[in-house]
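In the numbering used here, the protein residues as written are 1241 to 1381.
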């Protein structure tokens, strides 16, 4: 019987309560936003390291390698932004479908989810405004 329940879950028929699903979706969005912050911090750190290499007159190959490190870290940001957008959309769709469910309506998790979505959307819009004039020209030192 337990194997049948696992197979049903694997086919998309969730046996989890809506409250548990909401907690998981909130966790996914939080984790992905932390990933974005980590990648952004890594790019800043590696750019500072490149600046030190340039000012100290380090070998050209070291500088080229550092450019590659920066590009690799920076390449993760668009993917992570896409994952945040997907997780936020998934959470919004879930809330639209389950907002009035018993256990969700008026819950702290509902409030947290709503606040999280609004905060992330505001942050992303703010970043898009800042990045409009920023970008590839910084990569070419």
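For each residue, glycine too, the CB sits at the ideal point set by N, CA and C.
Assigned secondary structure, residue i (DSSP; H/G/I helix, E/B strand, else coil)
i            : result
residue 1380 : No answer about residue 1380 holds up, because its pLDDT of 45 lies below 50 and its placement is not dependable.
residue 1369 : helix
residue 1364 : helix
residue 1316 : helix
beta-carbon residue i near the ligand NAD non-hydrogen atom, thresh 7 Å
i            : result
residue 1266 : With respect to small molecules bound, the structure shown includes none, and the ligand NAD cannot be examined in it.
Option nearest residue i by Cα separation, candidates the options
i            : options                : result
residue 1322 : 1286, 1364, 1305       : 1364
residue 1319 : 1353, 1298, 1273       : 1273
residue 1334 : 1255, 1261, 1256       : 1261
residue 1303 : 1264, 1291, 1313, 1314 : 1291
residue 1284 : 1271, 1268, 1312, 1270 : 1312
residue 1268 : 1308, 1343, 1327       : 1327
For residue j and residue i, believed in contact at Cβ under 8 Å, the rounded distance
i            : j            : result
residue 1350 : residue 1339 : 7 Å
residue 1293 : residue 1306 : 6 Å
Whether residue i touches residue j by CB criterion (8 Å)
i            : j            : result
residue 1324 : residue 1360 : yes
residue 1276 : residue 1310 : no
residue 1352 : residue 1266 : yes
C-alpha distance - residue i paired with residue j, whole-angstrom precision
i            : j            : result
residue 1358 : residue 1287 : 30 Å
residue 1258 : residue 1342 : 9 Å
residue 1354 : residue 1366 : 18 Å
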